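Number of protein chains: 2
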Amino acid sequence: MDYARFFSDDVASFLPSPVREIFRKVDLSAICSFAGGYPDAATFPLREMPELTARVLEKYGSRALQYGATQGVPELRALLAEREGVSPDEVQITTSSQQGIDVCARILLNPGDRVHVQEPTYLGALQSLRAYRAETVALPASLGDARAVPGAKYIYVIPDFSNPSGETLSLPEREALVDFARREDLLIVEDSPYRALRYEGTPLPTLRSLAPERTLYLGSFSKIFAPGFRLGWMVGPPELLGKVYLCKQALDLCPPVFDQYLATEFLASGALDRNLARSVELYRGKRDRMCDLLARYMPEGVRWTHPEGGLFLFVRLPEQIDTVALYDEALSAGVAYVAGSFFYPDGSHRNTMRLNFSFVAPEKMEPGIRLLASLIRNKLSL
Amino acid sequence: MDYARFFSDDVASFLPSPVREIFRKVDLSAICSFAGGYPDAATFPLREMPELTARVLEKYGSRALQYGATQGVPELRALLAEREGVSPDEVQITTSSQQGIDVCARILLNPGDRVHVQEPTYLGALQSLRAYRAETVALPASLGDARAVPGAKYIYVIPDFSNPSGETLSLPEREALVDFARREDLLIVEDSPYRALRYEGTPLPTLRSLAPERTLYLGSFSKIFAPGFRLGWMVGPPELLGKVYLCKQALDLCPPVFDQYLATEFLASGALDRNLARSVELYRGKRDRMCDLLARYMPEGVRWTHPEGGLFLFVRLPEQIDTVALYDEALSAGVAYVAGSFFYPDGSHRNTMRLNFSFVAPEKMEPGIRLLASLIRNKLSL
Chain A
926 MDYARFFSDD VASFLPSPVR EIFRKVDLSA ICSFAGGYPD AATFPLREMP
976 ELTARVLEKY GSRALQYGAT QGVPELRALL AEREGVSPDE VQITTSSQQG
1026 IDVCARILLN PGDRVHVQEP TYLGALQSLR AYRAETVALP ASLGDARAVP
1076 GAKYIYVIPD FSNPSGETLS LPEREALVDF ARREDLLIVE DSPYRALRYE
1126 GTPLPTLRSL APERTLYLGS FSKIFAPGFR LGWMVGPPEL LGKVYLCKQA
1176 LDLCPPVFDQ YLATEFLASG ALDRNLARSV ELYRGKRDRM CDLLARYMPE
1226 GVRWTHPEGG LFLFVRLPEQ IDTVALYDEA LSAGVAYVAG SFFYPDGSHR
1276 NTMRLNFSFV APEKMEPGIR LLASLIRNKL SL
Chain B
926 MDYARFFSDD VASFLPSPVR EIFRKVDLSA ICSFAGGYPD AATFPLREMP
976 ELTARVLEKY GSRALQYGAT QGVPELRALL AEREGVSPDE VQITTSSQQG
1026 IDVCARILLN PGDRVHVQEP TYLGALQSLR AYRAETVALP ASLGDARAVP
1076 GAKYIYVIPD FSNPSGETLS LPEREALVDF ARREDLLIVE DSPYRALRYE
1126 GTPLPTLRSL APERTLYLGS FSKIFAPGFR LGWMVGPPEL LGKVYLCKQA
1176 LDLCPPVFDQ YLATEFLASG ALDRNLARSV ELYRGKRDRM CDLLARYMPE
1226 GVRWTHPEGG LFLFVRLPEQ IDTVALYDEA LSAGVAYVAG SFFYPDGSHR
1276 NTMRLNFSFV APEKMEPGIR LLASLIRNKL SL
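Same order as they appear, the protein sequences are chains A and B.
Once you know that position 74 of the first sequence is 999 in my numbering, the rest is easy, because the numbers rise by one and skip nothing.
Once you know that position 179 of the second sequence is 1104 in my numbering, the rest is easy, because the numbers rise by one and skip nothing.
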């Protein structure tokens, strides 16, 4: 049977994630993977879980297992509102922050509409934007007197420790971005799943705090609680959240209720902040270790970012190295990364790669970087 | 700030659910509600939860808290595949069966495409189909030599104990529907969240079993485990599930992982089937009780369906009664229902109502039906 005639026009724009494809094919535990964006399982509150689940069942009983409000359970919304310094009306719980990205695209974009993005940027956002047949256009390098492209609706941006670059927008860059959005009448989708994972320096104001009237802020529990609970949140003007609410009714009725109450109790008890402090320590050490190893092993001409937080750094290799072509060889040798070109809408920058430092076991980091460096050295000597 | 210019064309077709709006306004515990589609909390495995969570944490450890496969965790897919008599390649776990409905619409429908539906039909499906600007058209009453409307892509149908009607398609009706789909080259989206809740009679073959090549079957854990875990599953041809998989990557990366392992263990241990047997007993009693009370209290000229399973029955009142107009009065008096016209795409049949018998506390059922009957009697005597 031929199914082609049944598919919607959007389907032709669905693209598989090269990252997820790697995970389908490879047993990650058998190799040294710098590929995914997985948190270190050591940061998961495994030991606290029995007590946490018991508390949720005792305190909320059958409410924790029943359908819940589309906006999210009121207890969690209230806690997040307090944390974000907004009213609960400005908070919508999402079934993962990926859903937040997707819902923004759904309520804002028609086919052919345009979105300004950082380049490189998060692959899952590119997938979602493309799946609505929107066009992504690089943010102008100098925003001072830049114009938005015709048809632009919003800016999608990860200001803190971006995926994949690891880079953070400075305060002047944030101000310029907000000025640009105001001048050109664009909304801002501020995707900030890593904001709490800062290993050095001072937190900078969110774009939302600089332009609350035009920003949809996306938070995530995946890196501060656990990604196995699919939970994120969205903060924005009630006029926009009202449409998100209607959209979400048809998408999945409500976010996972039991998971929301686990997050509520984890947050309310202070356990989240204690766990977060430990995670920050752990990840700071892993970031430092990876930067040291890169400095020790990488050949001349290789550059990488120094992230102040988050999970990734981005490596720029000499022009003659093609990381897409190198990938199968690296995988056979036992090391995985994500080719940087996947994070550019046009597939350019084939001499770059994203390295994740959060997931890899500490004892695998040195052999992995050494192996990667020797593969690159071999290519350079050809 | 005026946000109107930012919204996608789809947004104008987003409609609030009157059912969910009721829940926003009313404390259900204070009234007698026949409105929602909530399971009875007595069917939730509250007592089993501590042992179940402990087992998941012991058996799967940090895997239960980490990101998972987009298709769902392999353990749960394998169990569902066995139960459905298919291969795991034909199973996709969804973040609720509502997501299954929405994803089918997303991969199949362009604006203006048409979907044949039962009338009345599930409001959440109407919301989702409308949100993609598809047009719903009633299934022809006699399918024998009927033609599909131009632009029809699929049939959306709840063959077992439909929401809201409570009615079940007979075997000849199923065969005629499948013949119609084959003759007119339509796909079938078989939404079957209540199939396991049968209180009398013999299970009939699924549409999927009659036409596996063109059916996407949607199952739900909400009525056999608990809706607070947002979990459903989809069974269909791998060619269609391949697109669902790509769509789901961009929607939410993967279904809730911890919830999936809870469902895995609940299913694998046999606890699900034991719990289901108890739920069927409980709901059979509630259905019988509601039918008895309707017979005892309702005035002449009121008719209702006799559902062999599921959560709902559908009431047809004399033509002069308008259940939309009656609603506020009923709510003030302390009883809630859903006006039947909400389940008709054109808002017709204003003399009908859906009554849910699963959620209401046993001691509230008699006063609620008596109250409803007296409101109707009053209107008839005007």
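Just so you know, even glycine gets a beta-carbon here, dropped at the ideal spot from N, CA and C.
Keep in mind the model is a prediction, meaning the values are calculated, not measured.
Where DSSP assigns a beta bridge to residue i, which residues make up the other side?
| i | result |
| --- | --- |
| B:Val1160 | B:Val1016 and B:Tyr1142 |
| B:Cys957 | B:Val1260 |
| A:Glu1060 | A:Arg1039 |
| B:Ala1077 | B:Arg1039 |
| A:Arg1228 | A:Arg1241 |
Which residues mark the beginning and the end of the alpha helix (DSSP H) in which residue i is found?
| i | result |
| --- | --- |
| A:Lys1148 | Taken as a continuous stretch (DSSP letters only), A:Lys1148 belongs to no alpha helix (DSSP H), as it is neither H nor E. |
| A:Glu1009 | Pro999 to Glu1009 |
| A:Leu1135 | Leu1132 to Leu1135 |
| A:Thr978 | Met974 to Tyr985 |
| A:Thr1189 | Val1182 to Ala1193 |
For chain B, check one thing: does any of its Cβ atoms lie closer than 8 Å to the Cβ of residue i?
| i | result |
| --- | --- |
| A:Lys1078 | yes |
| A:Lys1168 | yes |
| A:Ser1021 | yes |
| A:Phe959 | no |
| A:Met926 | yes |
| A:Glu1115 | no |
| A:Gln1017 | no |
| A:Gly1049 | yes |
| A:Leu1207 | no |
| A:Asn1200 | no |
| A:Cys1029 | no |
| A:Ala1136 | no |
| A:Glu1190 | no |
Nearest CA to the CA of residue i: which residue from the options?
| i | options | result |
| --- | --- | --- |
| A:Thr1061 | A:Cys1179, A:Val1042, A:Val1205 and A:Val936 | A:Val1042 |
| B:Ala1101 | B:Tyr1269, B:Gly1069, B:Val1285 and B:Asp965 | B:Gly1069 |
| B:Phe939 | B:Thr1019, B:Gly1049, B:Leu1001 and B:Val981 | B:Gly1049 |
| B:Asp965 | B:Gly1210, B:Glu1254, B:Ser1273 and B:Trp1229 | B:Gly1210 |
| B:Tyr915 | B:Gly1234, B:Leu1280 and B:His1231 | Nothing can be reported for residue 915 of chain B, as the shown portion of chain B is limited to 926 through 1307. |
| B:Gly1265 | B:Leu1034, B:Thr1230, B:Ala1258 and B:Ala1056 | B:Thr1230 |
| B:Ser1273 | B:Ala1188, B:Pro1045 and B:Ser933 | B:Pro1045 |
| B:Gly962 | A:Gly962, A:Val1263, A:Phe1105 and A:Gln991 | A:Gln991 |
| A:Ala1193 | A:Val951, A:Pro1243 and A:Arg1008 | A:Arg1008 |
| A:Cys1029 | B:Lys1148, B:Gly1167 and B:Ala1175 | B:Ala1175 |
| A:Ala1202 | A:Glu1254, A:Glu1125 and A:Pro999 | A:Glu1125 |
Could you please give the first and the last residue of the uninterrupted beta strand (DSSP E) stretch that includes residue i?
| i | result |
| --- | --- |
| A:Asn1088 | Note, A:Asn1088: premise wrong, no beta strand (DSSP E); not H, not E. |
| A:Met1215 | Not the beta strand (DSSP E): A:Met1215 falls in the alpha helix (DSSP H), residues Ala1196 to Tyr1222. |
| A:Asn1303 | Taken as a continuous stretch (DSSP letters only), A:Asn1303 belongs to no beta strand (DSSP E), being part of the alpha helix (DSSP H) at Pro1287 to Leu1305. |
| A:Ile1083 | First-last for A:Ile1083: undefined, no H or E at that position. |
| A:Val1040 | Arg1039 to Val1042 |
Would you identify the three-state DSSP class for residue i, choosing helix, strand or coil?
| i | result |
| --- | --- |
| A:Arg1107 | helix |
| B:Ile1113 | strand |
| B:Ala1175 | helix |
| A:Arg1241 | strand |
| A:Leu1280 | strand |
| B:Gly1234 | strand |
| B:Arg1155 | coil |
| B:Val944 | helix |
| A:Thr1121 | Inspection of the sequence shows that residue 1121 of chain A is occupied by Ala rather than by Thr. Coil. |
| A:Thr1312 | Given that chain A is displayed from residue 926 to residue 1307, the structure contains no residue 1312 of chain A and the question cannot be resolved. |
| B:Phe932 | coil |
| A:Leu1034 | coil |
| B:Phe939 | coil |
| A:Asp952 | coil |
| B:Gln1052 | helix |
| A:Ala1255 | helix |
Within 8 Å (strictly less), CB to CB, does residue i reach chain A?
| i | result |
| --- | --- |
| B:Pro1152 | yes |
| B:Leu1122 | no |
| B:Ile1032 | yes |
| B:Asn1281 | no |
| B:Asn1088 | no |
| B:Thr978 | yes |
By the criterion of Cβ-Cβ separation under 8 Å, what are the contact partners of residue i in chain D?
| i | result |
| --- | --- |
| B:Gln991 | Among the protein chains of the structure shown, namely A and B, there is no chain D. |
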